[in-house]
Amino acid sequence: MTIHTGTIAHVRGDPFGAEEALEIIEQGALAIDRSGRIGLLGERNAVFEAFPNSEIIDHGNAWLIPGLIDGHLHFPQFYATAGPGNGLLDWLENTVYPAEASFADELFARAAAERFVRHLLACGTTTAMVFGSQFYDANLALFDAAARSGIRLITGMTLMDRNAPPILLRTAEQSLDPVEKLIGLCRTTPRLYYAITPRFALSCSPALLEMCGALLKCHPETYLQTHINETRTETAAVRAAFPRSRHYLDVYDGFGLITERTMLAHSIHTTDAELDRMAEAACAVCHCPTSNAYLGSGLFPLQKHLTRGIRVAMGTDVGAGTQFSVWRELSQAYKVQQLRDCRLDACHLLYLATLGGAKALGLEHEAGSFETGKSADFFVLDYEQDSYLAARLGRCENAMDQLFCLLHLADERHVGATYVHGRLAAPRNRSLP
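In terms of my numbering, the sequence shown is residues 87 to 519.
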C-alpha cells in the first residue's frame with residue numbers, strides 16, 4: 087500500500103437529494119493498493135494501523151480532492167480560446183472553424199494533443215469528455231497522448247457535413263470507416279471510451295444523424311455527445327432547418343440519439359417538454375458557465391434539470407470557455423445560479439465536478455469519490471505557498487468554510503500534483519506569485 091496524507095474532502099452521495107453527503111477528514115489518509123485502487127479512507131492513525139509498513143506520502147496541510155470531471159470541451163479548439171465573435175454562429179465561422187482546420191496537419195495535431203492532455207492534468211482533471219478533431223490522424227494523436235498519460239478520456243471524431251468550410255466536412259459514407267476504427271481502438275485500450283459526436287443539428291444532414299443513430303445502436307458501449315439549445319439564435323435556426331420536428335431535442339430523438347449514454351452540452355433555452363423527455367430518456371446535460379457568459383448565451387436553469395432528476399456535469403467548453411480548470415468553473419456556476427435564485431453550497435459545487443460528473447457519465451463505480459475499490463484519481467490542492475489564500479483560510483471557522491473559500495479563490499496554480507490510478511501524472515508545473 088501507498089498512503090497519502092492531508093486534508094481529504096469528497097462527496098459520498100447526491101447533496102441535492104440527501105443531507106450530510108460531504109465528508110471532510112482534516113487529519114486524513116488515503117491508502118492505495120498496488121493496482122491503483124483505493125484500499126481505505128479514514129483518520130490518519132487508523133489507516134496507518136490498518137496498513138503498517140506502507141510507503142507514506144505526506145502532503146502536509148494540502149487538500150486531497152477526487153479528480154475533476156470535465157464533461158464538455160473541444161480538442162481542436164485548443165488554440166481558439168479568447169477569439170472574437172458576435173454570438174455562437176458568428177464565432178464558429180470566424181474563429182473556430184479556421185482553428186479546427188489547422189488540425190489537418192498531423193505533426194501540429196500531435197504536439198497539440200500532448201499539450202492538451204497536460205493542461206487538463208495540471209488543472210486536476212482526470213476524466214474528460216471531449217469533442218475530437220474532424221481528422222482521423224488528429225484523433226489518433228489525442229488517443230495516443232491520453233493513453234500515455236493515464237487520463238480517462240471519452241472522445242470521438244467531430245462529425246459534420248454541412249454549413250462549414252469544405253475541409254471540415256465529411257459525408258456519412260466518408261465518416262463511417264474512421265469512426266469504426268476508433269471505436270475498435272477504445273475496446274482494447276484501458277481508460278479510453280468512444281463518443282459518437284455529431285457537432286450539432288445545424289452542421290449535420292439527416293443522413294449523417296441517421297448514421298450516428300445506427301452506430302450508437304450497433305455499439306452500445308459508446309457514448310453520444312452533441313450540443314443543444316445553447317443560444318436563442320441557434321435554436322431558432324434549428325427549428326427552421328428541421329420544420330417537422332417539434333423542438334430541438336426532437337431532431338436528435340428522431341434519429342435514436344437520446345439515450346442514457348447521451349451527453350447534451352448547454353441546454354440553456356430548453357423547453358419543459360424537452361426537459362420532460364430528457365428525464366424520461368435518462369440522458370445527461372453539461373453546464374458550461376464561462377462559455378455561456380463569453381458567448382452571451384444565457385443562464386443555465388440548473389434547478390429545472392435537477393427537479394426532473396436529469397444528471398448534470400460541469401464543463402469548461404474550451405474554446406468558448408477561456409479556462410481549462412473545472413475547479414474555476416464551479417465558482418462561475420455559483421454566480422450564475424445566484425442570478426437564478428438557486429443557492430449552492432460547497433457540497434453542491436464539489437459534487438457537480440466530481441461524483442455528479444461521474445454519475446452523468448455512468449462512471450460512478452470508477453470515479454468521483456474516494457469510495458473503496460474505485461480508481462485512485464485525485465489531485466492535491468496546495469494553498470500554503472499563496473500567502474493571501476493561506477491567511478484567508480486561517481480566518482475560517484471550520485473546514486467547510488475553508489472548502490467554500492477554496493472553491494472560489496483557488497485555481498490551477500494551486501494544484502500541487504495530480505494522480506491517475508494511483509500514479510503521479512502531473513507534478514506541480516507552475517510557480518506561485
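Ideal Cβ positions, reconstructed from N, Cα and C, are used throughout, including at glycine.
When you compare only the Cα positions, how much space is there between Asn-249 and Leu-175? 10 Å
Is it buried or exposed for Ser-517, if we count other Cβ within 10 angstroms and need 16 for buried? Residue confidence is low: Ser-517 scores 46 on pLDDT, short of 50, so the model does not pin down where it sits. Its coordinate-derived value is still stated next. Answer is exposed; the Cβ neighbour count stays below 16.
For Glu-109, which of helix, strand or coil comes out of DSSP? strand
Spatial neighbours of Leu-213 within its chain, please: CB distance less than 6 Å, with the 5 preceding and 5 following residues excluded, ordered by chain position. The sequence shown places Thr at residue 213, rather than the Leu named in the question. Around Thr-213: Ile-155, Arg-238 and Ala-453.
Drop a sphere of 10 angstroms on the beta-carbon of Gln-163, count the other beta-carbons inside from all chains shown, and report buried for 16 or more, exposed for fewer. buried
Close-in-space but distant-in-sequence residues of the same chain around Ala-227 (CB under 6 Å, 5 per side omitted): Ala-195, Arg-196 and Ala-199
In chain order, which continuous runs of the beta strand (DSSP E) of length 3 or greater are located wholly inside the stretch 446-481? 464-467
Three-way DSSP call (helix, strand, coil) for Ile-527 in this model: No answer is possible for residue 527: the residues shown for the chain start at 87 and end at 519.
Own chain residues within Cβ distance below 8 Å of Gly-210, not counting five before or after: Ile-151, Gly-153, Leu-154, Ser-411, Val-412, Trp-413, Phe-465, Leu-467, Glu-498, Val-501 and Thr-504
Smallest Cα separation from Leu-262: which of Arg-277, Ile-253, Arg-273 and Met-246? Met-246
Taking its Cβ as the centre, do 16 or more other Cβ atoms sit within 10 Å of Cys-290, making it buried, or is it exposed? buried
Answer yes or no: does any C-beta atom of chain B fall closer than 9 Å to that of Trp-149? The structure shown contains no chain B, having only a single protein chain.
Where Ile-269 sits in the DSSP three-state scheme: helix
In chain order, what residues of the same chain have a beta carbon less than 8 Å from the beta carbon of Ser-219, not counting five sequence neighbours either side? Phe-161, Pro-162, Glu-186, Phe-189, Ala-195, Asn-225, Leu-228, Met-243 and Thr-244
When you compare only the Cα positions, how much space is there between Asp-339 and Arg-285? 15 Å
Is it buried or exposed, Tyr-474, if we count other Cβ atoms within 10 angstroms and call 16 or more buried? exposed
Could you pull out every residue in the same chain whose Cβ sits closer than 6 Å to the Cβ of Ser-140, ignoring the five residues on either side in sequence? Met-87 and Ile-89
Within 10 Å of its beta-carbon, does Thr-91 have 16 or more other beta-carbons around it, so buried, or fewer, so exposed? buried
Leaving out the 5 sequence neighbours to the left and right, which residues in its chain are closer than 8 Å to Lys-267 when beta-carbon positions are compared? Tyr-222
Pairing CB atoms from the stretch 438-449 with CB atoms from the stretch 370-381, are three or more of them under 8 Å? yes
Three-way DSSP call (helix, strand, coil) for Val-216 in this model: strand
Backbone secondary structure at Asn-147 - three-state DSSP: strand
Quick one: Cα of Pro-101 to Cα of His-205, how far? 29 Å
Pro-138: which of His-145, Leu-126 and Ala-148 sits nearest, CA to CA? Leu-126
Bounding residues of the alpha helix (DSSP H) (the contiguous stretch that carries Leu-438): 432-439
If you reduce the DSSP assignment to three classes, tell me which class Pro-162 lands in. helix
Alpha-carbon to alpha-carbon, Arg-330 and Phe-341: 13 Å
How is Cys-290 classed by DSSP in three states: helix, strand or coil? coil
In the DSSP assignment, find the alpha helix (DSSP H) that holds Gln-488 and state where it starts and stops. 485-495
With H, G and I counted as helix, E and B as strand and the rest as coil, what does DSSP make of Leu-518? Note that Leu-518 has pLDDT 36, beneath the 50 cutoff, so the model's placement of it is unreliable and the number below is only indicative. DSSP places Leu-518 in coil when its eight states are reduced to three.
Residues in the same chain with beta-carbon distance under 7 Å from Thr-357, minus the five sequence neighbours each way, listed in chain order, please. His-333
Can you give the beta carbon distance from Ala-233 to Thr-283, rounded, assuming they're within the 8 Å contact cut? No, Ala-233 and Thr-283 are not in contact; Cβ-Cβ is about 19 Å, not under 8 Å.
Element boundaries [alpha helix (DSSP H), containing Glu-200]: 192-208
So, at 7 Å on beta carbons, what are the nonlocal neighbours of Val-203 in its own chain, with the 5 sequence-adjacent residues on each side left out? Ala-231, Ala-232, Ser-235 and Ile-237
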